[in-house]
Structures are given as C-alpha cells and as structure tokens.
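Residue numbers (the working numbering): 1455 to 1653.
Just so you know, even glycine gets a beta-carbon here, dropped at the ideal spot from N, CA and C.
Quick caveat: nothing in here was measured; it's all calculated off a predicted structure.
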C-alpha cells in the first residue's frame, strides 16, 4: 500500500508493465498539500464531480456546480464547498454521513484542458462558519485531502463554456424553481420551505 496504490492497482501495473511509470508519477506529481496553482485552478472552476460510497462501498457519482470560487481551498490540505438546493435525494451527502471517503475530479473542458484529482475524507458539520457567507448554501462540506494529483488531459474533448446555469446562486437574487418541481408527478411532494441542516 502506498498513498496511491493497493494490490489491485499493482496487479494490473505488473500485468501491463507500468509499475515504474506509476511509481514515478506518484513520486513526482502526487502531493498532500495544495499548491498555489492548485488553489487558483480549483477556485476558477464552475463545476466538479464527486464520487462517494455508502456504508457497504456501493459507489455514486455526482456533478456539483456553482459560480467560480464556490469551491474554496481553506487550508494547506483542506477545501470546502457548498451544497445547494437539489432534488432532495441527498445521495452524496447521505453517503458522507456513513462513509467519509471521497474522490473529487476538477476538470476543465474549455480553454486549455486540465484535470486535478483530490482523494480524501469529507465531513459535514452543523454551523460551519462558511455557511452564513455562502449565498444559496444549505450545507458546507469540508474535505481533508489525502492525495492530490493531476491527470493527463489527452482525452478531454474541446468544448465551449457558454454561460452559467440560470439556477446558480447569485447575491441578491432568488433562483427560479426548476420546471420538474411543478410536474404533476412531483409537485405534491416538493418541500418549498428553506431547509436547515440538523445533522
């Protein structure tokens, strides 16, 4: 076991004769603290992907979006991001309540392609001080990074970033409700009161 690899990784590295390059990539690129470039990159993005798992290890992956800077590097090895109003399923945050292990993928598919992965342990705490100063947030999630590493961007398609989502929280604005909440199949089950975190 290393910070990056376990027996499953090693078996495939040996089968495909890639252990040497895998070790070199870990040695040269993997870190446990964010660099200034990592911070600038993470805080410039309007989205990222998060992988979580439940108590039995069953995985789930989710897209998280917001205004650039909605994810903040808050310490040498810590970042924080808000959870905004969603569909009420709480798949990611529910998983974090029983299994704090997370994998985050920060990816730029516009301009110069780039990927940065952050693996670590997440926590959600009632009364996080960032909650009051984060427009639209219902919960703040903090992640203690265990491994931070870039990925080769060669397969990222060249895409355009046209405009932010109209649902992105903005100071002084109340975002519109998504149309699906008014569909006959759902409207009687939608909770419209501002939620509070009681965890």
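Residue pairing for residue 1558: DSSP places it in a beta bridge opposite 1504, 1572. Taking a cut-off of 8 Å for Cβ pairs, the stretch 1544 to 1556 and the stretch 1491 to 1506 touch, as three or more such pairs fall below it. Between residue 1529 and residue 1546, the alpha-carbon positions lie close to 23 Å from each other. Counting C-beta pairs closer than 8 Å gives fewer than three between the stretch 1603 to 1614 and the stretch 1464 to 1476, which falls short of the contact rule.
The continuous stretches of alpha helix (DSSP H) do not include residue 1523, and DSSP gives it neither H nor E. With 16 or more other Cβ atoms inside 10 Å of its own Cβ, residue 1536 counts as buried. By the criterion of a C-beta distance shorter than 7 Å, residue 1625 is surrounded in its chain by 1589, once the five residues flanking it on both sides are discounted.
Inclusion of residue 1572 and residue 1534 in the CB contact set at 8 Å is not warranted, their separation being larger than that value. In the displayed model, residue 1636 falls within a helix according to three-state DSSP.
The beta carbon of residue 1513 sits closer than 8 Å to the beta carbons of 1505, 1506, 1507 from its chain, once the five residues preceding and following it are set aside; these are given in chain order. DSSP, read as helix, strand or coil, puts residue 1626 in coil. Around the beta carbon of residue 1541, a 10 Å sphere encloses fewer than 16 other beta carbons of the protein chains shown; the residue is thus reported as exposed. With respect to residue 1531, residue 1488 sits close: the two C-beta atoms are nearer than 8 Å. For residue 1600, the enclosing beta strand (DSSP E) stretches over residues 1593 to 1605. Residue 1581 has its alpha-carbon roughly 18 Å from the corresponding atom of residue 1548.
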